[in-house]
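FYI, the numbering for the sequence shown is 0 to 115, going by numbering that gives the first Met the number 0. Notes to accompany the following structure.
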Amino acid sequence: MTAYQIAALGRGAARRSRLRRLTHGRGVLVVAGAVVAVADDGAVIDIVNRGYYPEHADSPDLYDGDLRLAEAGTYFRTAPVFRTDAPRHRWLARTVFVGLAREEDGHIVIRCYTVD
Numbered sequence: 000m001t002a003y004q005i006a007a008l009g010r011g012a013a014r015r016s017r018l019r020r021l022t023h024g025r026g027v028l029v030v031a032g033a034v035v036a037v038a039d040d041g042a043v044i045d046i047v048n049r050g051y052y053p054e055h056a057d058s059p060d061l062y063d064g065d066l067r068l069a070e071a072g073t074y075f076r077t078a079p080v081f082r083t084d085a086p087r088h089r090w091l092a093r094t095v096f097v098g099l100a101r102e103e104d105g106h107i108v109i110r111c112y113t114v115d
């Protein structure tokens, strides 16, 4: 798998975002979020992200090189889907991603990987 940072879109801004948290029994939190992002080149990219965050997951610390992706006891995975008409970013809409999410400084940070 290849790693991508959503931040690779540049210093664009999120126009709108919303996050829903739903409980799915037995301590599993279902997370659904939507963002309309604007890339540096002005392209508009819709991102819909769904994931699972079970409480007290039996997971080890997880690293990608020196980058900490998850801490022990946390399993937070997502599946982002991208939509855009911008030719430069259309590859996002044709690619399957999985994301490893973590909380950092009061924000959710997601590191995305392509599924080859």
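Even for Gly, the Cβ is constructed at its ideal location relative to N, Cα and C. These numbers were taken from a predicted model, which means no experiment stands behind them.
- In this structure, I44 and H88 form a Cβ contact; the two beta carbons are roughly 6 Å apart against a cut-off of 8 Å.
- By the criterion of at least three beta-carbon pairs nearer than 8 Å, the region 31 to 38 is not in contact with the region 55 to 68.
- For the 8 Å CB-CB criterion, G50 and A78 form a contact.
- P79 sits in a strand when the DSSP states are folded into three classes.
- In the three-state reduction of the DSSP assignment, A92 falls in the helix class.
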